[in-house]
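Add 2 to a position in the sequence shown, counting from 1, and you land on the number used in this note's numbering. Yeah, the Cβ is synthetic: ideal placement off N, Cα and C, and Gly gets one too.
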Amino acid sequence: MTELGRIPQERQSGSELFHDGDRELDFNLLGFWRWSASDIVSNATRGVLAEYLIANAIGAVDRIRDEWAAYDLYDPRGISIEVKSAAYIQSWKQDRLSTISFNCPKTLAWDPETNRQSTEKRRQAKVYAFALLAHQDQTTLDPLDVSQWEFYVIPTVVLDRRERSQHSITLKSLRDLHGEPVAYSGLRDAIGKAAAAHDAAGPR
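Next comes the structure, spelled out in structure tokens:
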């Protein structure tokens, strides 16, 4: 049996046509993307959107998103980043705005090149970027408007040394650790500073 190595990632344009053998069909990959990912308020898609926003802020969109990587983004400066997102407004009917908290547990990393899982639970990235879609008016909610987002950038070592929950963090606790949120335009600098603080703290 032929060895089944990892399939190399390839950036698609969206114009690629579906086909039936050699016969081209009249719909393309862009149509699939529109069909599957247009609800950018939904939890799953909003999380990927948050990653994309931060990737643009740090100049990391040349890499294709790797769903199975140990962390979400790799800054060209050599910084691994885990992105967590939350929002007050959901795509379903709500009786009240959502209470904000972020899951940030230690995990077992999985290597897609070897199909092996690590044996030590840890936070895999150097920096955590918490992205909150903070807008609270459903009629004007627009996840594409970066001014409606708040960002909190934390060195991973700070999360590791917390004495409270190691599985999640509330917005209040996050603000206590971080202070005022970072605007989209300040993300690159904030991530660089958080990575430097993490490195200065020494081995975990």
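>> Can you look up Leu-75 in the DSSP assignment and give me helix, strand or coil?
In response: Stepping through the sequence shown from its first residue, residue 75 is reached at position 73. Reduced to three states, the DSSP call for Leu-75 is strand.
> Which residues in the same chain as Leu-99 place their Cβ atom closer than 8 angstroms to its Cβ, once the five residues preceding and following it in sequence are excluded?
Replying inline: By one-based count along the sequence shown, residue 99 stands at place 97. Cβ within range, chain order: Tyr-90, Ile-91 and Gln-138.
>> With H, G and I counted as helix, E and B as strand and the rest as coil, what does DSSP make of Ile-171?
In response: Counted from its first residue, the sequence shown places residue 171 at position 169. Of the three classes helix, strand and coil, the one that applies to Ile-171 here is strand, per DSSP.
>> Can you look up Tyr-154 in the DSSP assignment and give me helix, strand or coil?
In response: Numbered from 1 along the sequence shown, position 152 holds the residue referred to as residue 154. Reduced to three states, the DSSP call for Tyr-154 is strand.
> So what does DSSP say about Glu-84, is it helix, strand or coil?
Replying inline: Here residue 84 refers to the residue found at position 82 of the sequence shown. Looking at Glu-84 - three-state DSSP - the assignment turns out to be strand.
> Is the CB of Gly-7 under 9 angstroms away from at least one CB in chain D?
Replying inline: In summary, chain D is missing from the structure at hand, where a single protein chain is found.
> If we count the other Cβ atoms within 10 Å of its Cβ and call it buried at 16 or more, is Val-155 buried or exposed?
Replying inline: Sequence index remark: in the sequence shown, residue 155 carries index 153 (1-based). Buried.
> Quick one: is Ala-46 buried, meaning 16 or more other Cβ sit within 10 Å of its Cβ, or exposed?
Replying inline: For the purposes of this step, residue 46 is taken as the residue at position 44 of the sequence shown. It is exposed - the Cβ of Ala-46 has fewer than 16 other Cβ atoms within 10 Å.
>> Measuring straight from C-alpha to C-alpha, what distance separates His-200 and Thr-158?
In response: For the purposes of this step, residue 200 is identified with residue 198 of the sequence shown, where counting begins at 1. For the purposes of this step, residue 158 is identified with residue 156 of the sequence shown, where counting begins at 1. Roughly 6 angstroms separates the two Cα atoms.
> Are the beta-carbon atoms belonging to Ala-72 and Ser-87 less than 9 angstroms from one another?
Replying inline: Start at 1 with the first residue of the sequence shown, and residue 72 comes out as number 70. Start at 1 with the first residue of the sequence shown, and residue 87 comes out as number 85. Result no, Cβ atoms of Ala-72 and Ser-87 do not sit closer than 9 angstroms.
>> Going by the DSSP bridge assignment, what does Arg-124 pair with across the sheet?
In response: Taking the first residue of the sequence shown as 1, we reach residue 124 at position 122. According to DSSP, Arg-124 bridges with Thr-109.
> Thinking C-alpha only, which one of Lys-123, Arg-67 and Arg-13 is nearest Asp-162?
Replying inline: Taking the sequence shown and counting its residues from 1, one reaches residue 162 at position 160. When each option's Cα is compared against that of Asp-162, the closest is Lys-123.
> Rounded to the nearest angstrom, how far is the Cβ of Glu-84 from that of Gln-126, given a contact under 8 angstroms?
Replying inline: As a first step, residue 84 must be located in the sequence shown, where it is residue number 82. As a first step, residue 126 must be located in the sequence shown, where it is residue number 124. About 7 angstroms; that satisfies the 8 angstroms criterion.
> Going by beta carbon distance, what residues of the same chain come within less than 8 angstroms of Tyr-76, once the five residues before and after it are set aside?
Replying inline: Working through the sequence shown from its first residue, we reach residue 76 at position 74. Cβ within range, chain order: Ala-62, Arg-65, Ser-82 and Ile-83.
> Where does Tyr-186 fall in DSSP's three states?
Replying inline: Sequence index remark: in the sequence shown, residue 186 carries index 184 (1-based). Tyr-186 falls in the helix class under three-state DSSP.
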